Amino acid sequence: MATRARQLWPLLLPLAACGFTSFFYTLSSWLGGHGIECAIRRWTGWFCPGCGGTRCAGALARGELTEAMQWNPMLAIGVILFGVGSLYLIISLTVLGRPAPNLSGVSPRWFWAGIAIIALFTVLRNTSTFAWLAP
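The UniProt record's numbering puts the first residue of the sequence shown at 1, with every later residue one more than the last.
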């Protein structure tokens with residue numbers, strides 16, 4: 001693989017995310033704007049971490065940040081952080097000519113911290129005290 005192509009591989013992630021979001025937004029529109037029914041919500045009565053995600057993504061696509069935060073605040077914040085990180089990565093690789101980041105040096109603690117945040121969000125959005133986290 002050419003050196004330049006090897007340096008630009010991280011740009012595929014933001015492109016894949018945009019394609020994935022476009023697919024689900026189109027699917028949601030095709031289903032009448034209601035999105036896909038959550039199997040976890042249907043079987044357990046609990047909101048999963050992704051409940052409201054389709055409507056959140058649609059609101060973000062329309063530029064309605066407040067509405068997106070009402071549907072799924074964790075996803076809305078995550079998408080914004082992903083967008084900022086992707087923009088930084090694109091500028092670093094293309095404009096500044098920096099090498100691609102080495103992900104092998106990332107501590108596993110970040111992975112476990114993410115899992116803990118998702119679990120905490122799931123529990124809190126299913127309590128009456130934090131009902132505002134539910135879609």
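From the three backbone atoms N, C-alpha and C, an ideal C-beta is built for every residue, glycine too.
Keep in mind it's a predicted model, so treat the numbers as computed, not measured.
By DSSP, does residue i sit in helix, in strand, or in coil?
i	result
Cys18	helix
Val106	coil
Leu96	coil
Ser86	helix
Leu23	A small fix is needed here, since residue 23 is Phe in this sequence, not Leu. Three-state DSSP puts Phe23 in a helix.
Thr127	coil
Pro73	helix
Glu64	coil
Gly114	helix
Ala119	helix
Cys56	helix
Can you check whether the CB of residue j is closer than 8 Å to the CB of residue i?
i	j	result
Ile115	Pro49	no
Ala59	Glu67	yes
Asn72	Gly45	no
Ala134	Phe47	yes
Ser107	Pro14	no
Ser92	Arg98	yes
Are there 16 or more other CB atoms within 10 angstroms of the CB of residue i, so buried, or fewer, so exposed?
i	result
Val84	exposed
Val123	exposed
Cys51	buried
Ala76	buried
Met1	A caution first: Met1 carries a pLDDT of 49, below 50, which makes its placement in the model unreliable, though a value can still be read off. It is exposed - the Cβ of Met1 has fewer than 16 other Cβ atoms within 10 Å.
Thr94	exposed
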